[in-house]
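Here's the structure, in structure tokens; my notes come after.
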Amino acid sequence: MSDINEMNEGLKWYVAHTYSGYENKVKANLEKIVENRGLGELITDIRIPTETIVESDGGREREVESKIFPSYVLIKMVMSDETWHIVRNITGVTGFVGPGSKPVPLTEEEAAAIISEEPVTTTATSFAVGDTVDIIDGIFRGYSGKLSLLDVETGECTVIVSTVGRDMPVNLDIKCIKKAQDN
């Protein structure tokens, strides 16, 4: 009996480390092996935690799915010699997270925090404080100015606009600005 069979703790979440960019291939290959060999009771779930990032650039928004933990795949499984070898020998897997060759399961709290069913959405923008921007909507449409404040959480910004011979801060929604074109 090997060390891995002795550490069997029932169904637990384990983390497999993969080569960068191989997460989806590892997941697909493992799902095929589980289906083909009838191992659905030993390997019950395979996940790649992701979040949706909304990127905004001048009024255009697009959603991009991003991996929260690149190069890692979470696997809910019963750890045994057989399951260890199956996962470990999939192309792209470099090993399990844990000291040496002994995989360490996630605690229930860790697993719950990582594998929440609620979709996570964050906002990313291509703007930076100090950028010259054009205002494309609102009463200051057609004006240009320097971005002086950017709050990605609320989606608001402040642009310093020169009008009537003085600088004036204008509070806007990020959707109302775009990067100024280089002349």
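In my numbering, the protein residues as written are -5 to 177.
Even glycine gets a Cβ: it sits at the ideal position worked out from N, Cα and C.
What residue from H79, P97 and G15 has the CA that sits closest to K61's CA?
-> For the residues H79, P97 and G15, the minimum Cα distance to K61 belongs to G15.
Pull up the DSSP beta-bridge partners for M162, would you.
-> Paired residue(s): V155.
Endpoints, the beta strand (DSSP E) within which K70 is located | Y66 to V72 is the span of the beta strand (DSSP E), which, as asked, contains K70.
For the region 34 to 50 and the region 85 to 98, state whether three or more C-beta atom pairs, one from each stretch, are separated by less than 8 Å.
-> No: fewer than three Cβ pairs fall under 8 Å.
Out of K21, E102, V153 and M73, point me to the one whose CA is closest to S65's CA.
-> Cα-wise, what sits closest to S65 is K21.
Simplified DSSP assignment, three categories, for V28 | Looking at V28 - three-state DSSP - the assignment turns out to be helix.
Do the region 81 to 91 and the region 122 to 132 meet, that is, are 3 or more Cβ pairs less than 8 Å apart?
-> Because the criterion of three Cβ pairs below 8 Å is not met, the region 81 to 91 and the region 122 to 132 do not touch.
Helix, strand or coil: which one does DSSP assign to V81?
-> Helix, per DSSP.
Hey, how far is the Cα of D128 from the Cα of A10?
-> The C-alpha of A10 is placed about 47 Å away from the C-alpha of D128.
Could you check the C-alpha separation between L36 and V58 for me, to the nearest Å?
-> Rounded to the nearest angstrom, the two C-alpha atoms are 33 Å apart.
Inter-residue Cα distance where the pair is W7 and N18 | Rounded to whole angstroms, the separation of the alpha carbons of N18 and W7 is 18 Å.
Do I69 and I27 have their C-beta atoms within less than 9 Å of each other?
-> Taking 9 Å as the cut-off, the beta carbon of I69 is found no closer than this to the beta carbon of I27.
From A174, G34, I168 and V158, pick the residue whose C-alpha is nearest to that of E147; which is it?
-> The residue with the shortest Cα to Cα distance from E147 is I168.
Would a C-beta distance cut-off of 9 Å place I130 and K172 closer than the cut-off?
-> Yes. Within cutoff.
Within the same chain, show all residues whose beta-carbon is closer than 8 Å to that of Q175, passing over the 5 residues directly before and after it, in chain order.
-> Contacts found: D128.
For K173, the three-state DSSP class (helix, strand or coil) = The three-state secondary structure of K173, taken from DSSP, is strand.
Integer Cβ distance of V164 from V155, believed to fall under 8 Å = About 5 Å separates the two Cβ atoms, so the contact holds.
To the nearest angstrom, report how far apart R135 and T152 are at their CA atoms.
-> Looking at the two C-alpha atoms, the distance is approximately 14 Å.
Considering I129, what are the terminal residues of the beta strand (DSSP E) in which it resides?
-> In the DSSP assignment, I129 falls within the unbroken beta strand (DSSP E) covering T126 to I129.
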